[in-house]
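**Q** With mature numbering (1 follows the signal peptide of the UniProt record, and there is no 0) as the guide, the letters of the sequence shown map in order to residues -24 to -1, 1 to 312. Every residue gets a Cβ at the ideal spot worked out from N, C-alpha and C, and that includes glycine.
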Amino acid sequence: MMHHPTRRQFEALLLASLCGAASAQSARQPAPAAPQQPWPTKPVRLLIGFPPGSVQDLSARAISEQLSKQLGQPVIVENKAGASGTIAADQVAKSIDWHTFGVMNNSQLTIAKMLNPATAYDPSRDLAPVALIGVTPLLLVVSNAAPGATSSDWMTWLRNMGSKASYGSPGVGTPGHLGMELLKSRASFDAVHVPYQGNPQIITALNGGQLHAALLPPGLALQHVRAGKMKAVGVTSGRRSPLASEQPTLREVGVLGADLELWTAMAGPAGLPAAIRDKLGAAVIEVVKDDETRQRLLTAGWQAAPSNHEGLRIRMKSDTQTLGGIIMLRNIRADS
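1) Hey, Val106 and Leu273: beta-carbon distance below 7 Å or not?
2) Given Asn92, which residues of its chain have a CB within under 6 Å of its CB, disregarding the five upstream and five downstream residues?
3) Ser128 to Ala122, Cα distance in whole Å?
4) Can you grab the Cα-Cα spacing for the pair Leu238 / Gln13, in whole Å?
5) Considering only DSSP beta bridges, list what Arg21 is partnered with.
6) I'd like the span of the alpha helix (DSSP H) that includes Val260, first residue to last.
7) Comparing C-alpha positions only, which one of Trp74, Pro218, Ala96 and Leu198 sits nearest to Gly61?
8) What do you get for Leu166, buried or exposed, if any count of 16 or more other CB atoms within 10 angstroms of its CB means buried?
9) Could you give the C-beta distance for Ala241 and Ile52, rounded to a whole number, given that I count them as a contact under 8 Å?
10) Distance check for Ile72 and Lys205, CA to CA, integer angstroms please.
11) With the cut-off set at 7 Å, would you say Gln199 and Val211 are in Cβ contact?
12) In terms of DSSP beta bridges, what is His169 paired with?
13) Fully enclosed by the segment 159 to 205, which alpha helix (DSSP H) runs are 4 residues long or longer?
14) By how many angstroms is the C-alpha of Val68 removed from the C-alpha of Val263?
15) Return helix, strand or coil for Gly155, following the three-state DSSP convention.
16) Near Gly185, which residues of its chain fall below 7 Å by C-beta distance, leaving aside the five closest residues on each side in sequence?
17) Just the C-alpha distance for Ser294 and Gly155, rounded to the nearest angstrom, thanks.
18) I want to see whether chain D comes within less than 7 Å of Asp33, judged by CB atoms only; does it?
19) Does the segment 24 to 35 touch the segment 163 to 179, meaning 3 or more C-beta pairs lie closer than 8 Å?
20) Given a cut-off of 7 Å on the beta-carbon distance, is the pair Ala104 and Ala246 in contact?
21) State the DSSP-derived secondary structure class of Ser119, mapped to helix, strand or coil.
22) What are the boundary residues of the alpha helix (DSSP H) that Gly300 is part of?
23) Report all residues from its chain with a CB closer than 6 Å to the CB of Arg270; omit the five preceding and five following residues, and keep chain order.
24) Locate the alpha helix (DSSP H) running through Trp133, then write down its first and last residues.
25) Does the segment 140 to 151 touch the segment 73 to 91, meaning 3 or more C-beta pairs lie closer than 8 Å?
26) Could you spell out the range, first to last residue, of the alpha helix (DSSP H) harbouring Glu41?
27) When DSSP builds the beta bridges, which residues end up paired with Thr232?
28) Rounded C-beta distance between Ala208 and Val201? I'm assuming under 8 Å.
29) On the premise that Leu114 lies in contact with Pro193, defined as a C-beta separation below 8 Å, what is that separation, rounded to the nearest angstrom?
30) So Leu305 and Ala234 are in contact, right, with Cβ under 8 Å, and what is the actual spacing, rounded?
31) Could you tell me which residues DSSP pairs with Leu103 in its beta bridges?
32) Using CA atoms only, rank isn't needed, just tell me which of Ala38, Ala65, Lys18 and Ala94 is closest to Ala276.
33) Nearest-angstrom Cα distance between Ser213 and Thr298?
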């Protein structure tokens, strides 16, 4: 004789059936992603491609303390000098922990691959812009060996020296190199390029008489100019700069078409999640807008110019065209 299930048995069978269907459904579909941990979860590293005391190093250290407070984690500045800053930039490009970034200059973020096809990273493909920090013109300086009392006198001296004159830069393809090559074509002098590891070493060589000229950030050069150890010709910006208010522009002393600014910016690896990029970029902008940080940047030789990743991307595109044009004009290669 067939026994029909009671109501309680029927409900138990229905519950078991539903549970079984739910188990089968969960087996067919992936489990929902676990909530993401808040970023950052450990110290943030800022890699600098130049030695301690260089302008990139100074800009990173000017913001690191306040940035640490914004992010709630230590911000550690690490110098990885060499190869015109590309060693540090390549380490950033290859990082996968989302806690390693670089504070970089124009050439690291624009034309490194154009200069040397063997460069291990491609700025346009392997690096993600995060935020612009600051800008500065470069200051054309000459050694105390230059005779006369005016910028025109010193430019005449450089021209007359021909290839016996030498100028220093932090490396092939850096703004100090490309800017000087542009100046050579505009002002008709022929100084020979001598690469150094960084601007502090160039200053030492200028003061010691081993070099005749250089394009240097005002924040590094002016103290030596004011001390009478070298002579300043003018700044590369289109207008006079608050970083060197007493100095004329090169346009004012008759050198036209050689406008150039050095900038410092933060970038990460290309795969950087947008949420992290935006959080870090917003923190950098907030820090740079702070009056105390702006003054620290000014002291370090930078005019604060906070901008998000899109603003930095536009500047990168513009400088890729400008600096790339200099590379083609002067046929510059990383082994030159």
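**A** In terms of the structure at hand:
1) Using a Cβ distance threshold of 7 Å, Val106 and Leu273 do not count as a contacting pair.
2) Contacts found: Ala310.
3) Per the coordinates, the alpha-carbon of Ser128 lies some 11 Å from the alpha-carbon of Ala122.
4) Between Leu238 and Gln13, the C-alpha separation is close to 37 Å.
5) Ile52 and Thr76, per the DSSP bridge assignment.
6) According to the DSSP assignment, Val260 belongs to the alpha helix (DSSP H) that extends over Ala250 to Lys265.
7) The shortest Cα separation from Gly61 among Trp74, Pro218, Ala96 and Leu198 belongs to Ala96.
8) The displayed chain sequence assigns Asp, not Leu, to residue 166. It is exposed - the Cβ of Asp166 has fewer than 16 other Cβ atoms within 10 Å.
9) 19 Å between Cβ atoms; not a contact.
10) If you take the alpha carbons of Lys205 and Ile72, they lie about 46 Å apart.
11) In this structure, Val211 does not lie closer than 7 Å to Gln199 by Cβ.
12) Under DSSP, His169 takes part in a beta bridge, and its partners are Tyr143.
13) Taking 4 residues as the shortest admissible run, the segment 159 to 205 contains the following complete alpha helix (DSSP H) segments, listed from N- to C-terminal end: 175 to 183 and 194 to 202.
14) Distance between the alpha carbons of Val263 and Val68 is about 22 Å.
15) The three-state secondary structure of Gly155, taken from DSSP, is helix.
16) Beyond the five residues adjoining it in sequence on each side, Gly185 comes within less than 7 Å, by CB distance, of Ser119 and Ala121 in the same chain, given in chain order.
17) Ser294 and Gly155 have their C-alpha atoms spaced approximately 15 Å apart.
18) The question asks about chain D, but that chain is absent: this structure has only one protein chain.
19) The way I'd put it, the segment 163 to 179 does touch the segment 24 to 35; three or more beta-carbon pairs between them come closer than 8 Å.
20) Yes, these two residues count as a Cβ contact at 7 Å.
21) The answer is strand: DSSP assigns Ser119 an E or B state.
22) Note, Gly300: alpha helix (DSSP H), His285 to Arg306.
23) Cβ within range, chain order: Ala280.
24) Run containing Trp133: Ser127 to Met137, per the alpha helix (DSSP H) assignment.
25) With the cut-off at 8 Å, the segment 73 to 91 and the segment 140 to 151 touch.
26) That run of the alpha helix (DSSP H) goes Val31 to Leu47.
27) Looking at the sequence itself, residue 232 is Leu, so the reference to Thr does not match. Its beta-bridge partners do not exist; DSSP assigns none.
28) Distance from Ala208 to Val201 at the Cβ level is roughly 5 Å; contact confirmed, criterion being Cβ atoms closer than 8 Å.
29) With a Cβ gap of about 6 Å, Pro193 and Leu114 count as contacting.
30) Taking the Cβ atoms as the reference, Leu305 lies roughly 12 Å from Ala234, outside the contact range of under 8 Å.
31) Answer is Pro245, bridged to Leu103.
32) Of the residues Ala38, Ala65, Lys18 and Ala94, the one whose Cα lies closest to the Cα of Ala276 is Ala38.
33) Each residue's CA atom was taken as its position, placing Ser213 and Thr298 some 14 Å apart.
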